[in-house]
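The structure under discussion appears below in the form of structure tokens.
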Amino acid sequence: MRSFRFLLSRRWALFALVVVLLASAAWWLGEWQFGRLEDRKQSNAIIRANEARAPAPVDAVLARSEPVEEDQEWRRVTATGTYDAASTIIVRYRSGPSGEPGVDIVVPLVTPSGTALVVDRGFLQIDTRSADIGDVPPAPAGEVTVTGWVRVDGTGSSTEVEDLSARAINSQRIAEAIGRPTFGGFVDLTAEDPDPGSPLLLRELPDLDNGPHFFYGLQWWFFGVLALFGFGYLAYDELRRGPRGERPHRPQRPQRERRTNVPAAYQRKG
Numbered sequence: 004m005r006s007f008r009f010l011l012s013r014r015w016a017l018f019a020l021v022v023v024l025l026a027s028a029a030w031w032l033g034e035w036q037f038g039r040l041e042d043r044k045q046s047n048a049i050i051r052a053n054e055a056r057a058p059a060p061v062d063a064v065l066a067r068s069e070p071v072e073e074d075q076e077w078r079r080v081t082a083t084g085t086y087d088a089a090s091t092i093i094v095r096y097r098s099g100p101s102g103e104p105g106v107d108i109v110v111p112l113v114t115p116s117g118t119a120l121v122v123d124r125g126f127l128q129i130d131t132r133s134a135d136i137g138d139v140p141p142a143p144a145g146e147v148t149v150t151g152w153v154r155v156d157g158t159g160s161s162t163e164v165e166d167l168s169a170r171a172i173n174s175q176r177i178a179e180a181i182g183r184p185t186f187g188g189f190v191d192l193t194a195e196d197p198d199p200g201s202p203l204l205l206r207e208l209p210d211l212d213n214g215p216h217f218f219y220g221l222q223w224w225f226f227g228v229l230a231l232f233g234f235g236y237l238a239y240d241e242l243r244r245g246p247r248g249e250r251p252h253r254p255q256r257p258q259r260e261r262r263t264n265v266p267a268a269y270q271r272k273g
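Quick note: the sequence shown uses the working numbering, first residue 4, plus one each step.
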């Protein structure tokens with residue numbers, strides 16, 4: 004009976020270290036996916052709760068220059084004011100429901116208090132072969148009441164506003180660009196009163212499924228178990244049969260002579 008002492012060799016010690024690192028990484032990635040699953044469930048619960056609530060006045064949910072509270076995203080709010088059409092922001096590199104290229108049209112709505120609400124009025128499909136987005140559907144003139152879903156500000160360099168254009172929406176960056184105070188966060192428009200019949204495509208609520216995180220987590224854990232099982236199998240194989248380079252070769256079976264049906268009288272003599 005062989006001994007497991009071969010596991011103390013440098014080759015097997017390095018092999019074991021690699022397997023432990025792989026299994027640990029797989030376990031961590033599985034935990035990360037299950038953590039994302041819990042975050043998704045909590046987010047979905049907040050959306051479902053806010054979806055069922057009646058629209059609230061904007062100043063009861065959002066505050067001037069303050070970030071949106073986590074449990075208030077996707078809350079419906081209403082606001083009355085006039086659009087500052089001259090400060091329309093074009094948010095580029097957006098995609099429609101079917102992946103079509105386009106832009107979002109964002110217009111500040113100035114409320115009676117003087118604070119503007121950043122309103123994403125909707126999606127406009129464009130031709131990617133041209134840098135010109137064409138005519139932008141105008142915001143309605145005069146006093147208007149809007150209803151929309153509260154959204155959290157974007158972050159990072161993509162929120163920088165240059166020439167009234169950006170790649171993501173951030174209310175504070177827009178406030179700096181237009182020289183007017185804004186509420187924190189922004190809203191995805193769902194309705195305007197009076198209704199101007201805008202051709203812009205309105206955003207819908209996100210899908211409320213749990214996503215693929217559960218199965219991804221199981222897959223990563225399976226990979227970790229597979230790595231440990233493979234190590235155990237190879238160790239058992241070497242324990243039973245010895246190192247692969249030192250195993251005796253099996254003798255090859257002699258090949259049988261091929262018989263011929265040609266009569267001996269027609270066979271050539273050597």
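All C-beta atoms, glycine included, are put in the ideal place defined by N, C-alpha and C.
Treat the numbers as computed from the prediction; the structure is a model and nothing was measured.
query = Using a Cβ-Cβ cut-off of 8 Å (strictly less than) and excluding sequence neighbours within five positions of Pro197, which residues of its own chain qualify?
reply = Pro143 and Val147
request  = On a CA-only basis, which of Leu11, Arg8 and Glu34 is nearest Gln222? Give me that one, please.
outcome  = Cα-wise, what sits closest to Gln222 is Glu34.
ask   = Excluding sequence positions up to five away, which residues of its chain have a Cβ less than 8 Å from the Cβ of Asp123?
value = Val94, Asp107, Ile108, Val109, Gly151, Arg154, Ile172, Phe189, Val190, Asp191, Leu192 and Arg206
key: Phe126 versus Ala19: straight-line alpha-carbon distance, rounded   = 54 Å
query = Hey, would you say Val180 sits closer than 8 Å to Pro141, going by beta carbons?
reply = As written in the sequence, residue 180 is Ala, which differs from the Val given in the question. Result no, Cβ atoms of Ala180 and Pro141 do not sit closer than 8 Å.
message = So for Ile136, helix, strand or coil by DSSP?
response = DSSP, read as helix, strand or coil, puts Ile136 in coil.
Same chain only: Cβ atoms within 6 Å of Ser201, ignoring 5 sequence neighbours per side = Pro140
task = Decide if the stretch 35-52 is in contact with the stretch 232-241; the criterion is three or more beta carbon pairs, one per stretch, under 8 Å apart.
result = no
ask   = Would you say Tyr86 touches the ligand PLP, meaning its beta carbon is less than 7 Å from a heavy atom?
value = The ligand PLP is not part of the structure shown, which contains no ligands of any sort.
task = Whole angstroms is fine: what's the gap from Asn47's alpha carbon to Ala59's?
result = One C-alpha to the other measures close to 20 Å.
query = From this set, Leu10, Trp15 and Gln45, which residue's C-alpha is nearest Gln75's C-alpha?
reply = Gln45
request  = Could you give the DSSP three-state label for Leu112: helix, strand or coil?
outcome  = In the structure shown, the three-state DSSP call for Leu112 is strand.
ask   = What does a CB cutoff of less than 6 Å around Thr131 pick up in its chain, not counting 5 residues either side in sequence?
value = Pro104
query = Where does the unbroken alpha helix (DSSP H) through Gln45 begin, and where does it stop?
reply = Arg13 to Glu54
inquiry  = With DSSP as the reference, identify every bridge partner of Ala59, one or two as the case may be.
reply    = Val80
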